[in-house]
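In the working numbering, the protein residues as written are 12 to 421.
Ideal Cβ placement from N, Cα and C applies to all residues, glycine included.
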């Protein structure tokens, strides 16, 4: 769910990234960036599988006057089967999205610039091999607007600060709560649908200087129809679901002799007023408060609240002008504030759930020319969690991935 929501915001981030590029004297300036990746995955449990990823951005900057310009951007992204963080997706899930963004830019002197814009995107999800793209349960449509303001304070070292406000109306046209339909046959797909539809608001502040960057982002999601499960009765009340998250991040990109560094660190605090009523089985009826956590039915308050820390340390060692040896270590650690971990029999334990996913990657990179790069890579993934119940999602596994990536950018 988180990745699906964030996919609707990629266009705004791409426009902020391109905003840092100097606008030359040409009337039309094209922008193109494409990355293709294909890999084979060998999990410690299950069969070998393959998956690919395509991320393409095509933009055009058109100058109307010395102070006024327009920037249009199209983004296509396909994410195929791959190793996934715990509580994310199945290995076999597939996502595909198309996004459009149109931005007007107005310079206010030498240091200030305003960038209002509008966007529209469509995302498709396949959670089953036989599921058609058009009928995906988590297919999403997003539309909205944003306003960014840029302040440049050091032209020699590309120093600037960008503040952004954006709003999105997000709809899931195919989503329906099958459990509600099963529990109440009088419900139809129409009355059980639309529960994920929401309005999303986000504000961010991103400074950058001399290769260093940082950011603060606040996101709020207000659901239009989904109501909160009452913690005392276990039924849906009148209050509607509301989620929010605060993220801070930082890093830098620098060259030191033959080495290229680009480490990054981020921390996210996510909260939701939604509770979770866990049924241990389809026929569960015991709502007693069992001391050992073996309730048939368990109410988990603030089930979706967590804190997550992510860091990555990519390094490239340039052997020649075209060849380089690369390495990358990335770690994601998620700690739920109120959700208990489950044992192998699906009983809650006293410990709070903690997930850890570590990835170690080695690669060989070749610059084909000024705009094209190819990379061969191997990755070792180690995922661990104190949650041992893995009937629906993998939590504890090791994996090996071998792949090739090609990037074209100008």
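Asked: Taking contact to mean at least 3 C-beta pairs separated by less than 8 Å, is the region 211-225 in contact with the region 263-270?; Found: yes
Asked: Between which two residues does the beta strand (DSSP E) harbouring residue 370 extend?; Found: 359-378
Asked: Is residue 151 near the ligand ATP - that is, is its Cβ less than 6 Å away from at least one heavy atom of it?; Found: Looking at this structure, you won't find the ligand ATP or any other ligand, since it has none at all.
Asked: Give me the Cα-Cα distance between residue 154 and residue 234, rounded to the nearest whole angstrom.; Found: 15 Å
Asked: Taking just the CA atoms, how far does residue 95 sit from residue 410?; Found: 11 Å
Asked: On the criterion of 16 or more Cβ atoms from any shown chain inside 10 Å, does residue 41 qualify as buried, or is it exposed?; Found: exposed
Asked: What did DSSP end up calling residue 144 once you bin it into helix, strand or coil?; Found: helix
Asked: Given residue 172, which residues of its chain have a CB within under 6 Å of its CB, disregarding the five upstream and five downstream residues?; Found: 162 and 218
Asked: Inspect the beta-carbon positions of residue 314 and residue 240 and report whether they are closer than 7 Å.; Found: no
Asked: Considering only the alpha carbon of each residue, which of 244, 237, 242 and 213 lies closest to residue 230?; Found: 213
Asked: If I measure Cβ to Cβ from residue 317 and keep anything under 7 Å in the same chain, skipping five residues before and after, which residues do I get?; Found: 281, 345, 346, 347 and 348
Asked: Hey, could you find the ends of the beta strand (DSSP E) residue 249 is sitting in?; Found: 247-263
Asked: Which residue from 47, 45, 46 and 62 puts its Cα closest to that of residue 436?; Found: With the chain covering 12 to 421 only, the question about residue 436 has no answer from this structure.
Asked: Where does residue 220 fall in DSSP's three states?; Found: strand
Asked: Just to confirm the assignment, what range does the beta strand (DSSP E) spanning residue 54 have?; Found: 39-54
Asked: With which residues is residue 183 paired in a DSSP beta bridge?; Found: DSSP output for residue 183 lists no bridge partner at all.
Asked: Write down the C-beta distance between residue 343 and residue 368 rounded to the nearest angstrom, noting that I regard them as a contact closer than 8 Å.; Found: 5 Å
Asked: Would you check if the distance between the CB atom of residue 43 and the CB atom of residue 69 is smaller than 7 Å?; Found: yes
Asked: The beta strand (DSSP E) with residue 157 in it runs from where to where?; Found: 151-165
Asked: Between residue 91 and residue 64, how many whole angstroms is the CB-CB distance? I'm expecting something under 8 Å.; Found: 6 Å
Asked: From 354, 413, 414 and 250, pick the residue whose C-alpha is nearest to that of residue 396; which is it?; Found: 354
Asked: How would you label residue 359, buried or exposed, when you count the other beta carbons within 10 angstroms and need 16 or more for buried?; Found: buried
Asked: Counting pairs of beta carbons, one from the region 127-141 and one from the region 101-118, are three or more of them closer than 8 Å?; Found: yes
Asked: Hey, how far is the Cα of residue 394 from the Cα of residue 387?; Found: 23 Å
Asked: What is the rounded straight-line gap between the Cα of residue 252 and the Cα of residue 258?; Found: 20 Å
Asked: Among 66, 114, 319 and 417, which one has its Cα closest to the Cα of residue 75?; Found: 114
Asked: Can you check DSSP and say which residues form a bridge with residue 351?; Found: 363
Asked: Give the C-beta separation of residue 279 and residue 319 to the nearest angstrom, bearing in mind that I take them to be a contact with Cβ-Cβ under 8 Å.; Found: 5 Å
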